[in-house]
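These protein sequences, in sequence, are chains A and B.
Take the first sequence: its letters are residues 1 to 397, numbered as in this note's numbering.
Take the second sequence: its letters are residues 398 to 684, numbered as in this note's numbering.
Backbone N, C-alpha and C define an ideal beta-carbon position, used for all residues, glycine too.
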Amino acid sequence: MKPRGIFAIVVCLFGALALLTQPCLAGEPKTLKVGGLFCLTGFGSSAETYIAQGAKLSEEWINEKGGLTIKGEKYKVELVMEDMKGTADGAVAAATKLVYDHKVKIVIGTVVPFMVQAAGSVLEPAKVLRLVLYNCGMPSEYGPQTPYMFLTYDSTIEGMRAALDYLKEAYPKVKNVAYIIPDDGSVPYLDKLFREKATSMGYEVATVGKWAMTTQDFSPIITKVLASKPEAIAFANGWPQATGSMLKIIRDMGFKGPVFGCNYDDAYQIMEIAGKEASTDFFIHQIDLDSPDMTPMIKEIKKRAEAKYGKAYGMHIWGFNPLYELKQVIEAAQSTDSTVLKDTWGKMKTIDTVYGPGRMGGLKTYGINHTVCAPCPIVALMAGKVKWVKWVDVYSP
Amino acid sequence: MISDVAAQTVVNVLMLSSIYILVALGFALLLTVLGILNFAHAAIYMVGGYICYQLAVVVGINQWASLLISMIAVGLLGLFLERVFFRPFLKDMNRIVVVTLALIIILQATINVTVGSYIRRIPSFVPGVLRFSGVSVSGDRLATFVIGGVLLLAVILFIRKTKTGLQMLAISQDSDGAALQGIKTHRIFAVTTAIGCALAAVAGSLMGAILSLSPFMGDIMLVKAIEIVILAGIGSIGGVLIGGLILGALDATLPLFISGSATDLTGLCIIIILLLIRPQGLFGREV
Chain A
1 MKPRGIFAIV VCLFGALALL TQPCLAGEPK TLKVGGLFCL TGFGSSAETY IAQGAKLSEE
61 WINEKGGLTI KGEKYKVELV MEDMKGTADG AVAAATKLVY DHKVKIVIGT VVPFMVQAAG
121 SVLEPAKVLR LVLYNCGMPS EYGPQTPYMF LTYDSTIEGM RAALDYLKEA YPKVKNVAYI
181 IPDDGSVPYL DKLFREKATS MGYEVATVGK WAMTTQDFSP IITKVLASKP EAIAFANGWP
241 QATGSMLKII RDMGFKGPVF GCNYDDAYQI MEIAGKEAST DFFIHQIDLD SPDMTPMIKE
301 IKKRAEAKYG KAYGMHIWGF NPLYELKQVI EAAQSTDSTV LKDTWGKMKT IDTVYGPGRM
361 GGLKTYGINH TVCAPCPIVA LMAGKVKWVK WVDVYSP
Chain B
398 MISDVAAQTV VNVLMLSSIY ILVALGFALL LTVLGILNFA HAAIYMVGGY ICYQLAVVVG
458 INQWASLLIS MIAVGLLGLF LERVFFRPFL KDMNRIVVVT LALIIILQAT INVTVGSYIR
518 RIPSFVPGVL RFSGVSVSGD RLATFVIGGV LLLAVILFIR KTKTGLQMLA ISQDSDGAAL
578 QGIKTHRIFA VTTAIGCALA AVAGSLMGAI LSLSPFMGDI MLVKAIEIVI LAGIGSIGGV
638 LIGGLILGAL DATLPLFISG SATDLTGLCI IIILLLIRPQ GLFGREV
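Now the structure itself:
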């Protein structure tokens with residue numbers, strides 16, 4: 001056979017193949033790429049690895065439920081994760097890769113303020129919709145200048161309000177509280193908000209202790225805080241190693257009053273670090289996965305996490321939440337355009353979260369109404385055991 | 398009240414200094430004898446902590462026995478590292494720095510992938526808290542203070558009083574000259590690395606009980622170790638005691654007067670001023 005004949009046959013074969021496969025391809029759902037920014041190594045990875053796993057579970061959950069339906073078309077979600085490596089440089093590099101290599105227009109993740117800000121320097125100018133998990137109250141981190149950023153759950157400001165309310169209820173004799181904050185740039189803002197809330201409830205603020213982010217041994221700062229004779233001690237923020245270490249030192253130094261965290265953290269991990277003897281009269285913003293009081297969605301995520309990773313953690317639930325909310329926003333907007341999504345979400349009054357019904361707020365507190373306020377769970381450590389306390393309704397106006 | 402704070406601060410200074418000295422000791426030994434700036438020291442310290450944790454918590458062996466096994470295992474790891482990673486590049490500072498930096502990534506990633514990033518803590522070696530005259534100190538910190546002091550003394554005596562130690566000193570002064578005198582330099586390099594790594598394992602295990610364990614726990618401690626060794630003066634093992642005490646005193650007292658990150662900055666400024674006065678460090682040799 002002449003080469004021209006062979007060429008004609010090959011062309012015909014490819015043409016037939018293309019025609020045969022065309023209907024199948026038309027039936028395939030489209031893919032919506034969503035970026036995931038997490039610290040999978042380095043600073044913060046002890047928690048963010050599990051947050052990333054939670055996000056992965058939510059991607060699978062959405063796709064199993066048939067994906068997203070936008071204007072009659074089916075979309076499958078593909079989560080593209082990048083490691084921020086626990087540094088600001090890493091956050092910028094990871095965000096750049098997501099925007100310019102993977103071409104994503106929606107990003108979930110990041111918790112630590114300096115990384116939220118660093119990633120924002122790339123994501124905001126590119127008009128990428130950001131679903132951030134946490135906030136430390138700095139205007140440079142979240143506010144009117146970050147119109148594409150949404151805070152997907154209660155953070156330290158909402159946690160502080162819930163914790164002080166619970167302190168009043170559980171320890172009515174306490175008259176003054178010391179507040180300990182990591183020196184990550186948030187001190188002037190959190191200090192002011194804490195004083196406002198505490199004094200409005202009749203508490204005196206005994207002292208405000210600030211610890212350097214590089215602190216290895218918290219004994220000096222705890223010595224200083226205890227010298228102010230507080231009756232209760234509050235932690236603004238910190239990963240389990242900091243919270244657990246501080247709790248241990250506080251108890252070792254003989255303080256017997258209530259200690260509490262205003263942030264979302266893993267009570268089991270804190271107890272492992274502090275030790276059972278020190279783990280008493282402590283409470284924090286966290287869920288108890290074994291409590292029957294959990295929402296049906298939390299129970300389902302727990303099952304999925306146990307099936308996929310062997311064990312479920314509170315961080316899995318936290319990581320699941322942003323995509324769970326995003327699904328609702330996309331279906332309400334019937335678009336994947338980040339500006340349309342931003343505008344639609346900005347007009348929504350309520351949104352469902354895995355923690356229960358959420359309300360949009362934050363205009364007065366943060367200067368932008370992009371904050372999802374949902375029921376805030378409280379868990380206590382009492383006599384070396386994790387004890388579920390209750391859900392507290394919090395709202396940032 | 399002020400006297401209570403002052404007394405507690407004195408205890409904090411001693412405890413924190415002993416932590417720093419313990420971490421810096423192995424790093425100083427390798428730098429003094431081999432001339433290796435072993436940036437992987439803090440990652441080796443982390444591996445030591447994890448081995449101790451696995452043995453004590455997962456396998457269920459007695460904590461002190463776990464610490465001893467961890468010391469031996471990491472000492473053997475040191476022999477391997479010396480033979481494969483350090484020896485080929487001993488006289489090339491640039492390459493050795495890159496190799497030790499690469500080792501950090503290898504060791505951290507290995508632990509991160511195999512054990513995970515979940516924060517762990519080794520149960521107390523010495524449970525309980527000692528309280529006297531308004532001052533508190535946990536059993537683990539007290540144990541670290543004693544062990545740190547004993548190990549420092551042991552290392553100094555080993556170097557000054559044993560044949561192997563004197564050979565280490567000879568090599569640290571002139572390795573070619575020492576070789577010409579019949580000292581088996583490679584054997585001494587191997588012994589030094591094994592001891593340095595074993596010391597790191599002790600530090601990592603004790604810190605795993607006092608603080609916590611994570612694959613990245615050594616990152617900040619490495620900076621502290623470098624500060625101590627530079628302050629002490631390169632070549633001075635005994636100077637590590639004074640360097641550790643100065644850094645411990647700064648880190649334990651400055652937070653009482655200055656808040657947050659300013660303590661780090663002030664501490665570093667004081668160290669820089671000391672180095673401006675004595676560029677070779679407090680006990681270092683003039684180059």
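Using a CB distance cut-off of 8 Å, Leu422 of chain B does not count as an interface residue toward chain A. Close partners of Gln216 of chain A in chain B (Cβ separation under 7 Å): Leu608, Ile617, Met618.
Boundaries for Glu231 of chain A: no beta strand (DSSP E) harbours it, and the DSSP string shows neither H nor E there.
Remark: C-beta atoms of Ser521 of chain B and Asp537 of chain B approach each other more closely than 8 Å. Put simply, of B:Ala629, B:Ala576, B:Leu644, B:Ile668 the residue whose alpha carbon is nearest the alpha carbon of Gly678 of chain B is B:Ala629. Against Met412 of chain B, the close residues of chain A are Asp217, Ser219, in the order they occur along the chain (beta-carbon pairs closer than 9 Å). Pro220 of chain A counts as buried, since at least 16 other C-beta atoms from the protein chains shown sit within 10 angstroms of its C-beta. Around the beta carbon of Asp252 of chain A, 16 or more other beta carbons lie within 10 angstroms, which makes this residue buried.
Of all residues in the region 27 to 38 of chain A, none places a beta-carbon less than 8 Å from a beta-carbon of chain B. Listed by position along chain B, the residues whose Cβ is nearer than 9 Å to that of Pro144 of chain A form an empty set, because the closest Cβ is around 27 Å away. Under DSSP, Ile108 of chain A shares a beta bridge with A:Gly36, A:Leu131. Within the region 78 to 94 of chain A, the residues whose Cβ lies closer than 9 Å to any Cβ of chain B are, in chain order, Gly86. At a Cβ-Cβ threshold of 8 Å, Gly645 of chain B and Arg518 of chain B do not count as neighbours. Residue burial annotation: Pro485 of chain B is exposed, with fewer than 16 other C-beta atoms found within 10 angstroms of its C-beta. Sixteen is the threshold: since fewer than 16 other Cβ atoms of the shown chains lie within 10 Å of the Cβ of Asn491 of chain B, the residue is exposed. Scanning A:Val372, A:Lys385, A:Cys376 for the CA closest to the CA of Pro397 of chain A turns up A:Val372. B:Gln564 is the residue among B:Ile592, B:Ala597, B:Ala591, B:Gln564 whose C-alpha sits nearest the C-alpha of Lys581 of chain B.
Between Ala93 of chain A and Met115 of chain A, the CB-CB gap reaches or exceeds 8 Å. Counting along the chain, the unbroken alpha helix (DSSP H) around Glu325 of chain A starts and ends at 314 to 333. For the region 508 to 561 of chain B, the continuous beta strand (DSSP E) assignments of 3+ residues that do not extend past its boundaries occur at 526 to 529, 532 to 535, in sequence order. Between Gln405 of chain B and chain A, the shortest Cβ-Cβ separation is below 8 Å.
For the set B:Ala404, B:Ile617, B:Val402, B:Val430, the Cα lying nearest the Cα of Gly593 of chain B is the one of B:Val430. Close partners of Thr660 of chain B in chain A (Cβ separation under 7 Å): Ala212. His285 of chain A sits in a strand when the DSSP states are folded into three classes. In terms of beta-carbon proximity, Met115 of chain A stays away from the interface with chain B, with every pair separated by 8 Å or more. The beta carbon of Lys173 of chain A is closer than 8 Å to those of Glu231 in its chain, skipping five residues each way along the sequence.
Secondary structure note for Thr207 of chain A: its beta strand (DSSP E) is the uninterrupted segment 204 to 211. Only residues of its own chain outside the window of five on either side were considered, and among them Val34, Val77, Glu78, Leu79, Leu323 have a CB closer than 8 Å to the CB of Glu59 of chain A, listed in chain order. For Lys276 of chain A, the closest alpha carbon among the candidates A:Lys308, A:Leu167, A:Met382 is that of A:Met382. Around the beta carbon of Ser338 of chain A, 16 or more other beta carbons sit within 10 angstroms, so the residue counts as buried.
The closest CA to that of Val471 of chain B, considering only B:Phe613, B:Gly423, B:Glu624, B:Leu527, is found on B:Gly423. Under the Cβ criterion of 8 Å, Ala227 of chain A is counted among the residues facing chain B.
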